[in-house]
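Taking it in order: structure first as structure tokens, then the write-up.
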Amino acid sequence: MATIPSDAPVARSLASDRKSGFPWLLAVAFALTLVGSLRVAEVDPRLLVERDALANVGRFVAGAWPPRVSAEFLGLMARPVAETIQISVTGTLFAVLIGFPLGILATSTLMWRGVLHERRVQRRRWLLGLPVYAVARALLSVFRAIPEYVWAFMFVRAVGLGPFPGVLAIGIAYGGMLGKVYSEILESVDPRPLETLQAAGASRMAVVFYGLVPQALPTFVSYTLYRWECAIRASAILGFVGAGGLGQQIELSMRMFQFDEVLTLLATLFVLVALVDFISGRLRARLL
Amino acid sequence: MSRPPAAMTVRPARAPASWAIAAAAVALVVWSAHGAGVDFVTLFGGEAIRQIGLYVARLFPPDLSPVALRAAAVGAVETFAISFVGSLLSVMIALPLAIATMRTLLYRGALYEGQQLHASRRLAGVAVYAAAKAILNVLRTIPEIVWALIFVFMVGLGPFPGVLALGLHTGGVLGKLFGEVLEDVDPRPLEALQATGATRRQILLYGVLPQAAPQFLSYALYRWEVNIRAAAIMGFVGAGGLGSQIHIAISLFLEQQLLTLILAVYVIVTLVDALSAWLRSRLV
Amino acid sequence: MYRLREITKVFGRETSALDGVTLHVAPGEHVAVIGPSGAGKTTLFRLLNLALRPTSGSLRFEGADVATLSDAALRQARTRIGTIYQQQNLVGRLRVVHNVLAGHLGRWSTAAALASLVRPREVETASAALARVGIGEKLYARTDELSGGQQQRVAIARVLVQDPDVVLADEPVSSVDPSLAVTLITLLRDLSDESRKTLLVNLHSVDLALSFFPRIVGVRAGRVAFDLPPDRVTVDLLEALYAGDRDDEAQLERLRDGYDPFGRACRPLTGFRP
Numbered sequence: 015m016a017t018i019p020s021d022a023p024v025a026r027s028l029a030s031d032r033k034s035g036f037p038w039l040l041a042v043a044f045a046l047t048l049v050g051s052l053r054v055a056e057v058d059p060r061l062l063v064e065r066d067a068l069a070n071v072g073r074f075v076a077g078a079w080p081p082r083v084s085a086e087f088l089g090l091m092a093r094p095v096a097e098t099i100q101i102s103v104t105g106t107l108f109a110v111l112i113g114f115p116l117g118i119l120a121t122s123t124l125m126w127r128g129v130l131h132e133r134r135v136q137r138r139r140w141l142l143g144l145p146v147y148a149v150a151r152a153l154l155s156v157f158r159a160i161p162e163y164v165w166a167f168m169f170v171r172a173v174g175l176g177p178f179p180g181v182l183a184i185g186i187a188y189g190g191m192l193g194k195v196y197s198e199i200l201e202s203v204d205p206r207p208l209e210t211l212q213a214a215g216a217s218r219m220a221v222v223f224y225g226l227v228p229q230a231l232p233t234f235v236s237y238t239l240y241r242w243e244c245a246i247r248a249s250a251i252l253g254f255v256g257a258g259g260l261g262q263q264i265e266l267s268m269r270m271f272q273f274d275e276v277l278t279l280l281a282t283l284f285v286l287v288a289l290v291d292f293i294s295g296r297l298r299a300r301l302l
Numbered sequence: 005m006s007r008p009p010a011a012m013t014v015r016p017a018r019a020p021a022s023w024a025i026a027a028a029a030v031a032l033v034v035w036s037a038h039g040a041g042v043d044f045v046t047l048f049g050g051e052a053i054r055q056i057g058l059y060v061a062r063l064f065p066p067d068l069s070p071v072a073l074r075a076a077a078v079g080a081v082e083t084f085a086i087s088f089v090g091s092l093l094s095v096m097i098a099l100p101l102a103i104a105t106m107r108t109l110l111y112r113g114a115l116y117e118g119q120q121l122h123a124s125r126r127l128a129g130v131a132v133y134a135a136a137k138a139i140l141n142v143l144r145t146i147p148e149i150v151w152a153l154i155f156v157f158m159v160g161l162g163p164f165p166g167v168l169a170l171g172l173h174t175g176g177v178l179g180k181l182f183g184e185v186l187e188d189v190d191p192r193p194l195e196a197l198q199a200t201g202a203t204r205r206q207i208l209l210y211g212v213l214p215q216a217a218p219q220f221l222s223y224a225l226y227r228w229e230v231n232i233r234a235a236a237i238m239g240f241v242g243a244g245g246l247g248s249q250i251h252i253a254i255s256l257f258l259e260q261q262l263l264t265l266i267l268a269v270y271v272i273v274t275l276v277d278a279l280s281a282w283l284r285s286r287l288v
Numbered sequence: 003m004y005r006l007r008e009i010t011k012v013f014g015r016e017t018s019a020l021d022g023v024t025l026h027v028a029p030g031e032h033v034a035v036i037g038p039s040g041a042g043k044t045t046l047f048r049l050l051n052l053a054l055r056p057t058s059g060s061l062r063f064e065g066a067d068v069a070t071l072s073d074a075a076l077r078q079a080r081t082r083i084g085t086i087y088q089q090q091n092l093v094g095r096l097r098v099v100h101n102v103l104a105g106h107l108g109r110w111s112t113a114a115a116l117a118s119l120v121r122p123r124e125v126e127t128a129s130a131a132l133a134r135v136g137i138g139e140k141l142y143a144r145t146d147e148l149s150g151g152q153q154q155r156v157a158i159a160r161v162l163v164q165d166p167d168v169v170l171a172d173e174p175v176s177s178v179d180p181s182l183a184v185t186l187i188t189l190l191r192d193l194s195d196e197s198r199k200t201l202l203v204n205l206h207s208v209d210l211a212l213s214f215f216p217r218i219v220g221v222r223a224g225r226v227a228f229d230l231p232p233d234r235v236t237v238d239l240l241e242a243l244y245a246g247d248r249d250d251e252a253q254l255e256r257l258r259d260g261y262d263p264f265g266r267a268c269r270p271l272t273g274f275r276p
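Chains as they are written, first to last, in the working numbering: chain R, 15 to 302; chain P, 5 to 288; chain S, 3 to 276.
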């Protein structure tokens, strides 16, 4: 027991607990943001329990049950359901076509730095890669920052109603997300096989397609499938602005106060989403 | 899907299944492209691309008049507020529901090996679990925009229904994610706490939540990034934020104002993404 | 303190971990439990700290049959048993102070427990306990930043704060180096002696068991193989105890080298001074 000191410096450790002001600053910033946001967002929980609000809920619930399952209505739904799936698949394909090339151009280790460029530094050829890289990054950033919903509305204006603007919207917005993730995956790829290829005299295109892409492919496909899961949800919603699919029907039924139809449509959406999650989950499990 | 050939020769038993999947995928894509009215050959250089080009040309230059800038700024602040309060609300909804789906705390697992659980108490535990799961499924299945429509219907136009919509939908999403984190918590410290005579609520406070907190925070921040985008479209159904102005600008063909608003969306979304990434690196 | 009669514990359908254990432990006794891995030692300890229920047989703690205890009484009984585990029983992300104060949970209300996470209560008990185990300066450190040995000291400090009647230690030193193991076992023994606590330690190291404990219980295949004072534990008994256990052959080899042929105590680890 002699080895154990009995007078431990408790006071000092108490002081060390307070050494950083960061948590306090963060708490104050959080509180101020919250107070301001509550005001701006006009949050007023009393509205929820007002008689009008409750009566509206009552009307909604009473109108929604039982869900509409007549053969006529179900037959009417077949087309929007098929369209939703079609928009999600084509939109995701479009996203890959946009995201893959941009993702490669936005990969720093390919464009201007890292092992592939060590000998070129002296000749300043990397100055060529940098602007292309910056433009690709900026494009991806704009594509994914604008919600697919806004894209869809703009494309409806540009090319008219129907599923096509939905495809374009998902393609652009998800292309931005896929491109960013693709470039992150490529940047984390083991660089040693690339060096070997380059040392063997392979061109840069060859290095990309023989060294880089094969290593990254399973992760690419897995993430793309995950995006497809998100796309099925999105494509069901884009109909709200006239871009086809289930959303158009949901909005229509909602506006006409046909809540029993809304319930059926939501249940269908649930099944559809669950189905896609299941398929995609199985495929991803096989890949990784 | 498209595996490297080497993998197929190593595992020949799986090759037929892989071909079947690939064939099914191709069929799905062809059917989808046809049904969605997309013809990739005529798209580029066709009528569609010309129309898009014309539309994009009309967006420029953005309307930078003080009135337009002010409107965009006000909308951006409101969008931020909706996403912030909505995300906070979603955490408040998700947390209790996720705890109610933690079966290892409710009625089974290591914490219950030392006692004979009364049948009625076990049943109560199962009922709580099932009810919480069902609520989470409903919250999650209904998309934000549908929730927004419902709440606009309930409490009227304005940002508040947008907050409620984000809170409920994201509450369902986060509740599911939080629940997965909770079931993965290391049970050994929990058993040690129980061995000191701690109650279940105390085990939750001292063992479960401290272990889960960083993951919770990380998920909440991630959903905030999703919510800032969702908040920007809430206005399409009358639930506040930049969306209502975007809706008006598109409907009335005010393309130059539209570009200003889209730039505002870009700024606020990028800002929240950066803030979230910074907080994650500092706190998690 | 403990009276176990014909205890069996079966996991799943037929994996029998304990197969008829009868054991009495008197208040204030110090007992070391040894045996090959898979013998059922850990199961025995989880029964003793009331985390498991026996499949059959009776387990009495302080005279009360554990099987008949209500929820509240069970929790009450648990507050009187302190447990130290092999490792990883602390919450790494909490500060040391909270892990130590968790020893109070049996006495605190939920509200008090919650309040303490914000502003630690009865901090002096935690700092005294930490000082007692030699790491007083770590009060506000993050627990996962401590070394393995320091974490075991935190676990011991928690038991000090809990102040139970029995201390159970399940392989407390199997993940620390030998000299630290001696320090920790000494610490456990002295702390239990001071407040007349009953001490049961499950040990992988036969050297430590024979050197520090007046009563040795050998467990093999879910049964008590022997229950003797250390000077009557012979190499033959130990060889029978560990027969077929490859991991422990080296340990037995060492033991045989240091073994006194007259059947008395084993020599402690070289370089060790009690």
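Each residue gets a CB set at the ideal place from its N, CA and C atoms; glycine is no exception.
N51/S versus A135/P: straight-line alpha-carbon distance, rounded: The residue given as residue 51/S occupies position 49 in the third sequence. The residue given as residue 135/P occupies position 131 in the second sequence. When rounded, the distance between both Cα atoms is 34 angstroms.
Residues sharing a beta bridge with R7/S, DSSP: Residue mapping note: residue 7/S aligns to position 5 of the third sequence, counting from 1. R7/S is bridged to S60/S.
Option in P165/P, T174/P, A76/P and A268/P with minimal Cα separation from T289/P: Shown here, chain P extends from 5 to 288; a query on residue 289/P therefore has no answer.
Collapsed DSSP secondary structure at H32/S in the structure displayed: Position 30 of the third sequence, counting from 1, holds the residue named residue 32/S. Here H32/S sits in strand by DSSP.
Listed by chain order, chain R residues near V189/P by CB distance under 8 angstroms: Start at 1 with the first residue of the second sequence, and residue 189/P comes out as number 185. Within 8 angstroms Cβ-Cβ: nothing; V189/P doesn't reach chain R, min ~23 angstroms.
At least 3 beta-carbon pairs within less than 8 angstroms: the region 213-224 of chain P vs the region 175-194 of chain P: The answer is yes - the region 175-194 of chain P touches the region 213-224 of chain P, with three or more Cβ pairs under 8 angstroms.
Alpha carbon of D238/S to alpha carbon of F215/S, nearest angstrom: Reading the third sequence from its first residue, position 236 is the one you call residue 238/S. Reading the third sequence from its first residue, position 213 is the one you call residue 215/S. When rounded, the distance between both Cα atoms is 19 angstroms.
N-terminal and C-terminal residue of the alpha helix (DSSP H) that G105/R is part of: Reading the first sequence from its first residue, position 91 is the one you call residue 105/R. Element bounds for G105/R: A85 to L119.
Beta-carbon proximity of R160/S to N204/S, cut-off 8 angstroms: In the third sequence, residue 160/S corresponds to position 158, counting from 1. In the third sequence, residue 204/S corresponds to position 202, counting from 1. No, they are not a contact pair.
Rounded C-alpha distance that separates R77/S from L71/S: Position 75 of the third sequence, counting from 1, holds the residue named residue 77/S. Position 69 of the third sequence, counting from 1, holds the residue named residue 71/S. Approximately 9 angstroms between the Cα atoms of the pair.
Straight-line Cα distance separating T45/S from S213/S: Along the third sequence, read from residue 1 onward, the residue named residue 213/S stands at position 211. Along the third sequence, read from residue 1 onward, the residue named residue 45/S stands at position 43. Distance between the alpha carbons of S213/S and T45/S: 24 angstroms.
Inter-residue Cα distance where the pair is F13/S and L230/S: Residue mapping note: residue 13/S aligns to position 11 of the third sequence, counting from 1. Residue mapping note: residue 230/S aligns to position 228 of the third sequence, counting from 1. Their Cα atoms are separated by approximately 29 angstroms.
Burial state of Q164/S, where buried means 16 or more other Cβ atoms lie within 10 Å: Sequence index remark: in the third sequence, residue 164/S carries index 162 (1-based). Buried, by the Cβ-count rule.
Start and end residues, alpha helix (DSSP H) containing I86/S: Position 84 of the third sequence holds residue 86/S. Taken as a continuous stretch (DSSP letters only), I86/S belongs to no alpha helix (DSSP H), being part of the beta strand (DSSP E) at I83 to I86.
Proximity test, Cβ basis, 8 angstroms: A19/S and chain P: Along the third sequence, read from residue 1 onward, the residue named residue 19/S stands at position 17. No, A19/S does not count as interfacial toward chain P.
Per-residue DSSP class, three states only, for G22/S: As a first step, residue 22/S is located in the third sequence; it is residue number 20 there, counting from the start. Strand.
Those residues which DSSP pairs with A243/P across a bridge: Here the question's residue 243/P lines up with position 239 in the second sequence. Answer by DSSP bridge pairing: none, since A243/P is not bridged.
Between the CA atoms of P147/P and A98/P - distance to the nearest angstrom: On the second sequence, position 94 is the one that residue 98/P refers to. On the second sequence, position 143 is the one that residue 147/P refers to. Taking the straight line joining both Cα atoms gives about 16 angstroms.
Collapsed DSSP secondary structure at G246/S in the structure displayed: Taking the first residue of the third sequence as 1, we reach residue 246/S at position 244. G246/S: coil per DSSP, three-state reduction.
In DSSP terms, what I218/S is bridged to: Counted from its first residue, the third sequence places residue 218/S at position 216. In the DSSP output, where bridge partners are listed per residue, I218/S has A34/S and L230/S.
heavy atom of the ligand ADP below 7 angstroms from L39/R C-beta: Looking for the ligand ADP in the displayed structure turns up nothing, as the structure carries no ligands at all.
Separation of Q154/S from Y111/P, as counted between CA atoms: Translated into the one-based positions of the second sequence, residue 111/P becomes position 107. Translated into the one-based positions of the third sequence, residue 154/S becomes position 152. Between Y111/P and Q154/S, the C-alpha separation is close to 30 angstroms.
Own chain residues within Cβ distance below 7 angstroms of V83/R, not counting five before or after: Looking up residue 83/R in the first sequence gives position 69. Correct list, in chain order: T278.
Whether A183/R touches E201/R by CB criterion (8 angstroms): Numbered from 1 along the first sequence, position 169 holds the residue referred to as residue 183/R. Numbered from 1 along the first sequence, position 187 holds the residue referred to as residue 201/R. Against a cut-off of 8 angstroms, the Cβ pair of E201/R and A183/R comes out as no contact.
Beta-carbon neighbours of V93/S, restricted to chain P and to distances below 7 angstroms: For the purposes of this step, residue 93/S is taken as the residue at position 91 of the third sequence. Within chain P, the residues near V93/S are P193, Y210, G211, P214 and Q215.
Sequence-distant residues of its chain with Cβ nearer than 7 angstroms to S285/P (five each side left out): The residue you call residue 285/P lines up with position 281 of the second sequence. Closer than 7 angstroms at the Cβ level, and outside the excluded window around S285/P, lies no residue.
As assigned by DSSP and simplified to three states, the class of N91/S: Numbered from its first residue, the third sequence carries residue 91/S at position 89. Note: N91/S maps to coil in three-state DSSP.
For D67/S: DSSP bridge partner residues: Translated into the one-based positions of the third sequence, residue 67/S becomes position 65. Per DSSP, R62/S.
Contact check, I36/S vs V178/S, beta carbons under 8 angstroms: Here residue 36/S corresponds to residue number 34 of the third sequence, with the count starting at 1. Here residue 178/S corresponds to residue number 176 of the third sequence, with the count starting at 1. No.
CB contact below 8 angstroms: S122/R versus chain P: Here residue 122/R corresponds to residue number 108 of the first sequence, with the count starting at 1. With 8 angstroms as the cut-off, S122/R does not count as an interface residue toward chain P.
Test: M12/P CB closer than 8 angstroms to a CB of chain R: Locating residue 12/P in the second sequence gives position 8, counting from the first residue. Confidence at M12/P is low in this model, with a pLDDT of 38, below 50, so its placement is unreliable and the value that follows should be read with caution. By this cut-off, M12/P is not an interface position.
First through last residue of the beta strand (DSSP E) which encompasses L201/S: Stepping through the third sequence from its first residue, residue 201/S is reached at position 199. Counting along the chain, the beta strand (DSSP E) containing L201/S begins and ends at T200 to N204.
C-alpha gap between V1/R and F271/R, whole angstroms: Absent from the model: residue 1/R. The displayed extent of chain R is 15 to 302, so no value can be given.
Among W79/R, E198/R, Q263/R and W242/R, nearest to M91/R - alpha-carbon criterion: Numbered from 1 along the first sequence, position 77 holds the residue referred to as residue 91/R. Checking every option, the nearest Cα to that of M91/R belongs to Q263/R.
Among N91/S, F47/S and T17/S, nearest to L25/S - alpha-carbon criterion: The residue you call residue 25/S lines up with position 23 of the third sequence. Nearest of N91/S, F47/S and T17/S to L25/S, Cα basis: F47/S.
Test: T278/R CB closer than 8 angstroms to a CB of chain P: For the purposes of this step, residue 278/R is identified with residue 264 of the first sequence, where counting begins at 1. Taking Cβ atoms only, chain P never reaches closer than 8 angstroms to T278/R, which makes this a no.
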